[in-house]
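All remarks here apply to the structure that follows.
Numbering (the working numbering), first residue to last: 12 to 212.
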């Protein structure tokens, strides 16, 4: 019998983006938890289940010193270090995604990641004592990190000071990103990064 995520969702999902294909781990697991097995291995995070990586990204305290969506977000405690809490949030979010789309939530997540990962960004170079912004291609690992970070942050923003539960906010963010909707924080951030990079070519 094939292993299914949360004993519900099939792992037979195709990654369309060829650049991300080697970095999105879809090896079948019942419970996405590796106990930090790859923590000290270089590029070890590529071997971690993509769902576990999303769970790990949820364990944050807020938006730090930057404004997101025009405001600062603060969560004292919250999900920081509480992996079981984050695990149940993702599990419940997947149920919400399935009830709204009637599709495999894992497939919706992969489409959301593909739509949220920028192709290029800017870096600062110094030439003759003057700093310039220059457009550079973004590596696949960094693209994946970026997409997961802003999907998690977008969910936090939607749930912050709201009647929505975190799982409902996460499901909404993933669905919006999978449809390339600009209401998604992750997609709008991708557009912003690529627009800045285009002007710096």
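Glycine included, every Cβ here is placed at the ideal spot set by N, Cα and C.
Note that the coordinates shown come from a computational prediction; the quantities given were computed from them, not determined experimentally.
Residue i, buried or exposed, once every other Cβ within 10 Å from all chains shown has been counted against 16
i	result
residue 52	exposed
residue 60	buried
residue 128	buried
residue 210	exposed
residue 150	exposed
residue 195	buried
residue 172	exposed
Assigned secondary structure, residue i (DSSP; H/G/I helix, E/B strand, else coil)
i	result
residue 108	helix
residue 16	strand
residue 96	helix
residue 60	strand
residue 49	coil
residue 131	strand
residue 136	strand
residue 211	coil
residue 174	coil
residue 148	strand
residue 40	coil
residue 34	coil
residue 24	coil
residue 68	helix
residue 169	helix
residue 142	strand
residue 90	coil
Residue j beta carbon less than 9 angstroms from that of residue i
i	j	result
residue 126	residue 189	yes
residue 8	residue 24	The structure shown does not extend to residue 8, since the chain is modelled only from 12 to 212, so the question has no answer here.
residue 117	residue 97	no
residue 183	residue 175	yes
residue 17	residue 90	no
residue 163	residue 65	yes
residue 159	residue 100	no
residue 133	residue 27	no
Rounded distance between the beta-carbons of residue j and residue i, thought under 8 angstroms
i	j	result
residue 35	residue 108	Rounded, the Cβ-Cβ distance is 17 angstroms, inconsistent with contact.
residue 115	residue 21	6 angstroms
residue 200	residue 161	5 angstroms
residue 31	residue 212	With a Cβ gap of about 23 angstroms, residue 31 and residue 212 do not count as contacting.
residue 39	residue 62	Going by Cβ atoms, the distance from residue 39 to residue 62 rounds to 11 angstroms, so no, they are not a contact pair.
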